[in-house]
């Protein structure tokens, strides 16, 4: 479904991302982990054609994302709060996104009704602008907006950050269902190793812009990831001494 | 202060604050990118300083010459009341309490009172307080030079400085009051208007009281204690309200009044553009900066009155076209010059959505055309000053619709500056770059010059026809022009996303 070929991104000569090849099949739940500056957000931004690749390209459904816009109807995303329109209420925002994705009000209402638990009564019908909501509630609205219009690919950057524990658990269930039952390709990034291993069938570790691990999730994956990142911490502390 | 040994003395703290502000100012990318605007502002300030200096030196001789029978000193003090009212109004709209970003400081071991004294003290050296000095000091020198006792000149000078500071702190109290009650500029207008009315209708003559009060102070400097005392009272009151606000919870407090969603279903008739039009209308109505811009349209509407009421301008026919372009295109210019920066906050999202750029732009186009039509209709009463004016305005409106809408949207594709929607419009240069200055030339100067030239060479009718024909050509080629403009926006997509995600 999503094929990455010889992709690299450099700013003023410094390479921040360099992926030789990375293929994500349809319906896979795919997790991206890595420390700050590893290139997670850069990869997602390239996938959404928000920045221009220095070399190579990404294709989804055989559409080259930086050449054609035909991937947009079946791709949706929530990267950060800048995806929200602060002066709208959550409902207005959902309807607006719905309009862009060919969904009428009833469709949108039917979808958001499924997320009553997830919203915990703090989003719908509160008559508040998105800019006045707390960070966590903004995130909830953004994530649900990304589910409008039956997308085939959903990209979420750090979806678990800023959410309360109950919501994190609910979100995990939602994401699992999307991939398993509806065949949606879900891409998430996270700093929380436990959450990604819970949600994703496959986990890729980025470090300084390169893929250094590509794991099929199994019961030992979490241990392996923890060992990997812990060894990094020991290595740096030795370097400092 | 044994318990406070871990605290640094005030003077050191204030030095630190000053160095922080210095860095904040010069390290901001805004400063580095906007040297032109900063130079412009400095020239603007110098202009005022010069004006006040001239006033300070020449007011006394001028008053003596104009009113030889009266004592110029008494005469001037009779007008101080109007200065106070005017200054208060000016400051209310232009001067803000120089709040530093206190949030990171609150958890550090710094006394709250130090922060408050610093913020208030800094407001004392604002341009608004320094500017009067350039008139007050030369005027006192001239007074002494003219044979008034030096003690009088000196006391008067001190008294004026105290009054400037009193206005300074009175303004902040009014501002705090109106922002707390959410009444915007009603309290200040009520306050100033009330004082003015009481004085005007002679209920209480503030002009006389203040005038004789200042003269009494000047003659007997012990009375300076009265304004000084008033200043201390106002300062303490400011200190009190500011100190109360200086808690984290004041900024964490759940904000947000209930939203009144308005029914915008009438936009549905515009078909697939409707979602964007609804978004644009909400954008305008729900954000401070765009809202104050919408209010400014009133100024645009009445702009013609400044000119048409004077016979000099009624004879200058080329001015009709200029005023027509300006008053029917007021919204077009103010709104259009920041397309697409209005949406800079969520531009990334728009770009990742399945939108047709052309629709996004067409929504803005329709809004601008509607504004031109509305402004023209509201401006029809200008026919009172002559039918030629109405016809010129009509031609200007057509030109605005056909040419200027396209030109300004094309110019928008060069916008690279983010806009925070929550800041007010007046004297807000955020988002302004060279584009905004340059775009004014084809927008206003070209039609005016064209109209003036043809009017002078051939005649009024042909000049009008030229503007209308140009406008109609623009309307006819609307589709073609939009395709061209859309391509321009697509070409600069990455640059815009990058620029809009940067803070300035």
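Protein chains in written order, with the numbering used here: chain X, 1 to 241; chain R, 1001 to 1504. Using N, Cα and C, we set each Cβ at its ideal position, and we do this for glycine too. The structure displayed is predicted, hence computed values, not measured ones.
When the Cα atoms are used, what is the spatial distance from residue 23(X) to residue 30(X)? The straight-line gap from Cα to Cα measures roughly 11 Å.
Any C-beta of chain X sitting closer than 8 Å to the C-beta of residue 1251(R)? For residue 1251(R), the predicted structure reports a pLDDT of 48, less than 50, and the residue's modelled location is therefore unreliable. A value from the coordinates is still provided. It does not: the Cβ of residue 1251(R) has no partner Cβ on chain X nearer than 8 Å.
Distance, Cα to Cα, residue 1201(R) vs residue 1209(R)? Whole-angstrom Cα-Cα distance: 15 Å.
Tell me whether residue 1090(R) is buried or exposed, calling it buried when 16 or more other Cβ atoms sit within 10 Å of its Cβ. In the assembly as shown, residue 1090(R) is an exposed residue. Its beta-carbon has fewer than 16 other beta-carbons within 10 Å.
Output the distance between the C-alpha atoms of residue 1501(R) and residue 1055(R), rounded to the nearest integer angstrom. Cα to Cα, residue 1501(R) sits roughly 47 Å from residue 1055(R).
Every unbroken alpha helix (DSSP H) inside the segment 1066–1129 of chain R [4 residues or more]: DSSP assignment within the segment 1066–1129 of chain R yields the following whole alpha helix (DSSP H) runs of 4 residues or more, N-terminal first: 1072–1077, 1080–1094, 1103–1106, 1112–1124.
What are the residues in the segment 1287–1307 of chain R lying within 7 Å of chain X by C-beta distance? From the segment 1287–1307 of chain R, only 1287 have a Cβ closer than 7 Å to chain X.
Alpha helix (DSSP H) segments (min. 4 residues) lying fully within the segment 1139–1186 of chain R: The qualifying runs are 1150–1181.
What residues are listed by DSSP as bridge partners for residue 4(X)? Residue 4(X) is bridged to 22(X), 58(X).
Against chain X, which members of the segment 1320–1354 of chain R pass a CB distance test of less than 7 Å? Listed in sequence order: 1345, 1346, 1348, 1349, 1351, 1352, 1353, 1354.
Out of 1454(R), 1420(R), 1234(R), 1113(R), point me to the one whose CA is closest to residue 85(X)'s CA. It is 1420(R).
Partners in chain R for residue 86(X), counting only beta-carbon separations shorter than 7 Å: Those are 1345, listed as they occur along chain R.
Would you report the Cα separation of residue 1297(R) and residue 1330(R), rounded to the nearest angstrom? Approximately 6 Å, taken between the alpha carbons.
Closer than 7 Å, Cβ to any Cβ of chain R: which residues of the segment 63–76 of chain X, in chain order? Residues of the segment 63–76 of chain X whose Cβ lies closer than 7 Å to any Cβ of chain R, in chain order: 72, 73.
Inter-residue Cα distance where the pair is residue 1013(R) and residue 1110(R): Each residue's alpha carbon lies about 8 Å from the other.
Is the CB-CB distance between residue 19(X) and residue 211(X) below 8 Å? The answer is yes: Cβ separation under 8 Å.
Starting from the C-beta of residue 160(X), find all residues in its chain whose C-beta is less than 6 Å away, skip the five residues before and the five after it, and write them out in chain order. So the list reads 168, 190, 192, 195, once near-sequence residues are dropped.
Identify, in the order they occur along the chain, each residue of the same chain with its Cβ nearer than 6 Å to the Cβ of residue 1241(R), setting aside the five sequence neighbours on each side. Around residue 1241(R): 1176.
Could you give the distance in angstroms between the alpha-carbon of residue 61(X) and the alpha-carbon of residue 1335(R)? Each residue's Cα considered, the two are about 40 Å apart.
Can you tell me whether residue 1113(R) is buried or exposed, with buried defined as 16 or more other CB within 10 angstroms of its CB? Counting the other Cβ atoms within 10 Å of the Cβ of residue 1113(R) gives fewer than 16, which makes it exposed.
In the DSSP output, what is residue 157(X) paired with across the bridge? In the DSSP output, where bridge partners are listed per residue, residue 157(X) has 189(X).
Is residue 1116(R) near residue 1239(R), with beta carbons less than 8 Å apart? Going by C-beta atoms, residue 1116(R) is nearer than 8 Å to residue 1239(R).
Is there a C-beta anywhere in chain X that falls below 8 Å from the one on residue 1497(R)? Against chain X, the CB of residue 1497(R) has a partner CB under 8 Å away; the residue lies at that interface.
With distances taken Cα to Cα, identify the nearest neighbour of residue 139(X) among 125(X), 119(X), 128(X), 148(X). In terms of CA proximity to residue 139(X), 119(X) leads the group 125(X), 119(X), 128(X), 148(X).
Quick check on residue 99(X) - is its C-beta less than 8 Å from some C-beta in chain R? At least one chain R Cβ lies under 8 Å of residue 99(X).
If we call anything under 8 Å between Cβ atoms a contact, is residue 90(X) one with residue 143(X)? In this structure, residue 143(X) does not lie closer than 8 Å to residue 90(X) by Cβ.
How do the segment 1388–1403 of chain R and the segment 1459–1471 of chain R stand: do at least 3 beta-carbon pairs fall below 8 Å, yes or no? Touching, yes.
By how many angstroms is the C-alpha of residue 175(X) removed from the C-alpha of residue 5(X)? In a straight line, the C-alpha of residue 5(X) is about 27 Å away from that of residue 175(X).
Relative to chain R, which residues along the segment 41–53 of chain X have a C-beta separation below 8 Å, given in chain order? Listed by position, the residues of the segment 41–53 of chain X near chain R (Cβ gap below 8 Å) are 48, 49, 50, 51, 52.
Please work out which residues of its chain come closer than 6 Å, Cβ to Cβ, to residue 1222(R), disregarding the five sequence neighbours upstream and downstream, and give them in chain order. Beyond the five residues adjoining it in sequence on each side, residue 1222(R) comes within less than 6 Å, by CB distance, of no other residue in the same chain.
Contact list for residue 1501(R) against chain X, beta-carbon separation under 8 Å: At a beta-carbon threshold of 8 Å, the residues of chain X lying near residue 1501(R) are 82, ordered along the chain.
If we call anything under 8 Å between Cβ atoms a contact, is residue 1085(R) one with residue 1214(R)? Contact flag unset, no.
Would you say residue 1064(R) reaches chain X, if we count a Cβ-Cβ gap shorter than 8 Å as a contact? Chain X, which has no Cβ nearer than 8 Å to the Cβ of residue 1064(R), makes this no.
Give the DSSP-derived three-state secondary structure of residue 1205(R) in the structure shown. For residue 1205(R), the secondary structure class from DSSP, reduced to helix, strand or coil, is coil.
Please state whether DSSP places residue 79(X) in a helix, a strand or coil. Look at residue 79(X) here: in three-state DSSP terms it is coil, with no helix or strand label.
Distance CB(residue 1472(R))-CB(residue 1408(R)) smaller than 8 Å: Against a cut-off of 8 Å, the Cβ pair of residue 1408(R) and residue 1472(R) comes out as no contact.
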